[in-house]
Every structure is written in C-alpha cells, then in structure tokens.
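The structure appears right after this line, and notes come after that.
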Amino acid sequence: MNAGLHVKNLSVTLGGNSILRNVSFDVKPGEVVGLIGANGAGKSTALRAVLGLAEPDFAEIAVNGTPVAGMSPRVRAKTLSYVPQGAPVHWPLTVERLVGLGRIPHLLPWQDMRAQDSAAIEHAMRATDCWRLRDRLATTLSGGERALVLLARTMAVGAPYMLADEPTASLDPYHQLQVMDIMRAEAARGIGVLLVIHDLSHALRYCDRLVLIHDGKVLASGAPDDVLTDENLETAFHVAVSRWQDGTGQFLAPHRTGGR
Amino acid sequence: MIRYLQKRPWSLNAALVLVILLMVIAASMVGEVSLAPGRVVRAFFGGADDAANIIVRELRLPRILIGLLAGAALGYSGAALQGLLRNPLADPGVIGVSATASLGAVIAIYLGLAALTPLAVPLSAMSGALAATLILMMLAARDASVLSLILAGIGISSLATAGIALVMNFAPTPMTLQDMILWMLGSLENRTVTDLMLAGPFILLGWAVMVGVGQGLNALSLGEDAARSLGVDIGRLRLRIVLGTALSVGATVSVCGAVGFVGLVVPHFVRALIGYEPRKLMLPSALMGAILMTLADMLTRPPIGHGQLRLGVVMAIIGAPVFLYIIYKTRESMR
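As they're listed, the protein sequences go chains A and B.
Numbering of the first sequence is given in my numbering, commencing with residue 2 and proceeding in unit increments.
Numbering of the second sequence is given in my numbering, commencing with residue 283 and proceeding in unit increments.
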C-alpha cells in the first residue's frame, strides 16, 4: 500500500489569479513536513486545497492510495485534521467542550460523547498541557493557552494526518517551542504532520523534510539542509542568513539583502 | 447551578416541560370567565359542564396551543440563527420575514379583505413571508456569505417597512389605520383552530428542516474553515436554517402579528442556565419561548390584564428588563 498523504500536480486559481501551479509533495506517517515560502507564495492555499476548503483546478490528492476527492466530508474530516491560522472562538465555551468539538466527525447529529470520545479528548488535552484549563472559558485564555487549546481540539479528531497553518504565529518563544514539541510528539505516535511555518530555525530543527514554495511552484523540497541553501533563501525570501551551531543543534538568522 | 445543568441538560428540559403543562392549566383558567383548576382539567377531557367545555376546548386551548407553537418557533429559530450568524444580537426578524409578513397583513387590512374571510389577513401575511423566503433562498443557494444574508435581510426589511408606511399613508379611514397598528403590536385574541391549522404545518415544516443542525452550529463556534474541516457542509447548514426560520417565523407572524423579542432574548435566558454550546441551547430555547409567549398572552387577558393590551407590548415590557439584567450578569463572559 502506498502509505502517506500524496499531493500531485496541485494547481489552484483564485479570483482569476493563478496561486499554485503543479505543486507536488507528500507526507508519510510519523513525519513532520514543513511548508515554507514568502507571504503570498500559496502555502495556506495548498493546505486549504488539500483539506477541500479551496477548489483546485487540478489535483491528485490521495491518502494511503485513496483519492480524497471521493471521500465524504465526514471521512475526509476523520482523515485530515486542520489547525486554521488565528482561528476565532465565537462563544465562551469551556475548554473541555471546545476540545470536544474535534469529535464531531465521529458522532451522528444526535449522538452524545462516548467513552472513546472522552478518552480522545482527555489525551489531546493532556498532551497539550490543557487538562488544567478544562473548566475555564475559552474566551478568557491567554494567546498561548488558546493556541494550545485549539491544537488540542484538532488532535482530538484523532486523524492520521494533521495540517497546521502557522501554528506558532504570534506565540511567545516558550509556547512556540511547546507547540513544535507537540508536533514532534504527534509524529512520534505515527501521525503525519504538515505545517506552514515561517521561522527558519524551527523549520530546520523540527521538520524532517521541507517544501519551499516560490511563486506558486515548488522551488525545492527535501531534507532541511538541502532546501535551506543560501541560493534558495535569496530567491524565495530575498534574505541572506547567518548560521551557527551549538549543543542543541543548528540555527538560522535571516537578514535583508535588498528590496524586492 | 450552571455546572449542574450542563452535566444534565435533560433536567432543564424536563423542568421546562413541567412548567409548560402547568402554564397550560393556568392559562386555561384566565379570561373573561375565570375557571377553577379542577374544572379546567375536567374540561380538557370534555368532562366538565357545557360552558366550561366550550370555553376551554374551543376558545382557550387553540389560543394557548398557537401561543406555545409560536413561542417555540421563535425561540428555536432565534437559537439557530444566533448560532449560524455567531452573533448573540440576531433575532429571527433579522432575515426580513417578519417585516414582509407584516406588509402582507397590512395590505390585506387596507383592501378590507378581512371582511371576506377571517383567514385573509394571515394568508396574505404568509404570502409576504414566503416571498421573502424565496429571495433569501436564491441568495443562500448561491453560496452567499452570512454577511450577505444579513445585509439582504436588512434590505428586505427596509423595503417591507417602507411598503407598510406607504400602505398606512393611504389608509382609507382612521379605523383601518388603527387595525393595522393593532395587528402589528401582536395578539392571540380570538385565534381559533383554523389559525392553528394554517400556521401549525408551516411551523412544524420549519422545524423539520432544521432538525439536527445543532452539531454543525457547535462546529461553527470555531469559524467556517474549522467547521468545514470537521466535515460540516456549511452551505447546506445555512440553507436549512434560513429556510426553517423563514417558514416557522413567517407562519408565526402571520397568526400572531409581529411579536418581536422572543427569539432574541430566549437564547440568552437559556445561556444563563446552561452555558453557550449552541446545540444544547436549541430545545430549551423552544420550550422557554413557548413559556414566555403563553405567560405574556395570559397577562394580556382579563382579569389580569386589560383586554386591549397587546401581546407584543407585554412581551417587551416583561422581557426587556430581564434581558438587561442577564446582559448585566453575563457581561464578563461576553467579552
């Protein structure tokens, strides 16, 4: 069996503008794959197209050999979970209820939570260190707590593949590292993780493979060291980087080389 | 209390059903002729004296049933619409059907059709509501955003309100004008089984369209993208709630007049008891809407109320202060 999430020749046009052209990548179980690229390069659109939230012009997207286009919304929801970027919380629900929303694809319209749902919710909350917040109202959380709770909501789906759109955006350094550690822990459980990420050091240190998107096309993909070359970074981001290494691994710090 | 009820939502529903049963008995006792509770209960089963049997079974029960159905329709639609629009200020009137139903009614009154058949006014109101429903469905079916739906509702309402003003402007006699105004203030006076038969099916059809939307509304708490990623078909959800609300609220306004407010406030009452989860709000909102409507109707009737007191007025006078109190109490969590 062709294990993994395979995206082949993904092309998307939005409002008459070609956003993505023949983009291909894949995510294997237990792997963290980072989608990087400048703002507007089409990273979020790629995630949305895979999830069925944006209509591709053409794409062959399959999970373990099964095309997602043929899946019912419910089956697709159970297969691919999603952490939207800067997601809203519209009602002051308790954290436990909010995380519980992740179980919706598993429940019939009238059904209440079963034992396995409660177990999945508790696991997701403990893994994200949200268990202590379970009775708090989601609208009273700090930005960092909220990001973790929304991540727990996505993990509660229990899907084999998780797609996260900038899960570390607007988080303090501690919470950024915590979120990235959670992504690695999920991968260690066999989940395939695809995330849009801007922090190049995080991309280098936490991802197994990177896909660099530039102008709607894949500029480079492969191991982080091979993708984050000076030449690729100059082309995609118009930046140069300083690199160094300590006992914890490699770091990258960008600096500007010129205007666009 | 909130924690207790959140763990056991059925206990709130059971309590509300019990209150409704008591309200039906209480409301059957009140009117021009006051009846003792025992006589009322016997009359329900046709076992009382003839006078009581006729008063209860033919006059008061149909009126009470219409009130219960109408209140439940407004409460249920209000909860559904607030969930869909993710806005606690949404009232079933926001989609415009109440205004077009009112326009239909004042046109029928203007033309003097009520003299031909008592059903003329509600039928004309219903046509108004259905016209608005059609316009909304055309929009919703074209995948309009929630914002477009609200704006369309405002547009439809404004047009209908202008139409109402126009008709009133040309009212042939002051009596006609008075009839129009009184109709719009809402009433359940003299409603019969015929009115029940007219509105009931549309209200029930509206509910049937909305059955099972709760989970989608829960998912929408996270925004449209997250809800879709959870397998919710947002377009279908929107279509069902707009159609269901339009049918049940249109039918309600057609027989009761434009009784506002119930749909807006009732979900807030329920939230104060069991929290904000949209799915858990719907059934209790329907039950509480039924209670509020029956209570307000009781207060319009002698000997408690003056016979001329209108339902919409009573509703707002008792509802608004309670509403303000709840907003004051829950201001922290609404932030």
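Note that beta-carbon positions come from the ideal geometry of N, C-alpha and C, so glycine has one too.
Item                                                                                                                                                                                          : Value
Counting pairs of Cβ atoms below 8 Å between the stretch 488-502 of chain B and the stretch 415-424 of chain B, do you hit three or more?                                                     : no
Within a Cβ cutoff of 7 Å, which residues of the same chain sit near residue 29 (chain A), ignoring the five residues on either side of it in sequence?                                       : 4, 5, 193
Output yes or no for whether 8 Å exceeds the beta carbon distance between residue 571 (chain B) and residue 365 (chain B).                                                                    : no
Leaving out the 5 sequence neighbours to the left and right, which residues in its chain are closer than 7 Å to residue 391 (chain B) when beta-carbon positions are compared?                : 403, 458, 461, 462, 465
In terms of alpha-carbon separation, which member of B:489, B:604, B:500 lies closest to residue 543 (chain B)?                                                                               : B:604
Work out the CA separation of residue 517 (chain B) and residue 500 (chain B) for me, nearest whole Å.                                                                                        : 15 Å
Of the residues that make up the stretch 105-137 of chain A, which ones have a beta carbon closer than 9 Å to any beta carbon in chain B?                                                     : 105, 106, 108, 109, 110, 111, 112, 136
Mapping the DSSP letters down to three states, classify residue 377 (chain B) as helix, strand or coil.                                                                                       : helix
Straight-line CA distance for residue 226 (chain B) to residue 72 (chain A)?                                                                                                                  : Because chain B spans 283 through 617 in this model, residue 226 (chain B) falls outside it and cannot be assessed.
Near residue 223 (chain B), which residues of its chain fall below 7 Å by C-beta distance, leaving aside the five closest residues on each side in sequence?                                  : A query on residue 223 (chain B) cannot be resolved here, the shown segment of chain B reaching from 283 to 617 and no further.
Looking only at DSSP bridge pairs, what is residue 77 (chain A) linked to?                                                                                                                    : Its beta-bridge partners do not exist; DSSP assigns none.
Counting beta carbon pairs with one atom in the stretch 468-487 of chain B and one in the stretch 538-553 of chain B, are three or more of them shorter than 8 Å?                             : yes
Count the other C-beta atoms from every protein chain shown that fall within 10 angstroms of the C-beta of residue 258 (chain A), then say buried if there are 16 or more, exposed otherwise. : exposed
Taking a Cβ distance cut-off of 8 Å, strictly less, list which residues of the stretch 513-528 of chain B are near chain A, in chain order.                                                   : 513, 514, 515
Assuming the contact rule is C-beta atoms closer than 8 Å, residue 349 (chain B) and residue 579 (chain B) should be a hit. Round their C-beta distance to whole Å, please.                   : 5 Å
Mind pulling the chain B residues with CB within less than 9 Å of residue 88 (chain A)?                                                                                                       : 504, 505, 507, 508
Looking at the strands, I want to know which residues DSSP matches up with residue 7 (chain A).                                                                                               : A:27, A:63
Closer than 8 Å, CB to CB, is residue 545 (chain B) near chain A or not?                                                                                                                      : no
Measuring CA to CA, which of B:323, B:478, B:370 is closest to residue 345 (chain B)?                                                                                                         : B:478
Can you list the residues of chain B that residue 75 (chain A) reaches, using a CB-CB cut of under 7 Å?                                                                                       : 513
Compare the C-beta of residue 566 (chain B) with all C-beta atoms of chain A and state if any pair is closer than 8 Å.                                                                        : no
Buried or exposed for residue 289 (chain B), please, with buried defined as at least 16 other CB atoms from any protein chain shown within 10 angstroms of its CB.                            : exposed
Evaluate contact between the stretch 438-447 of chain B and the stretch 557-575 of chain B, counting only Cβ atoms and requiring at least three cross-stretch pairs below 8 Å.                : no
State the Cα-Cα distance for the pair residue 168 (chain A) and residue 223 (chain A), rounded to the nearest angstrom.                                                                       : 21 Å
Taking all protein chains shown into account, do 16 or more other C-beta atoms lie within 10 angstroms of the C-beta of residue 327 (chain B), making it buried, or fewer, making it exposed? : exposed
I need the straight-line Cα distance from residue 312 (chain B) to residue 582 (chain B), nearest angstrom please.                                                                            : 10 Å
Looking at the secondary structure, which residues open and close the alpha helix (DSSP H) in which residue 550 (chain B) lies?                                                               : 544-556
Compute the beta-carbon to beta-carbon distance between residue 481 (chain B) and residue 531 (chain B), rounded to the nearest angstrom, for a pair I have assumed lies under 8 Å.           : That belief does not hold up - the Cβ atoms of residue 481 (chain B) and residue 531 (chain B) are roughly 11 Å apart, past 8 Å.
In the DSSP assignment, the alpha helix (DSSP H) including residue 404 (chain B) goes from what residue to what residue?                                                                      : 402-423
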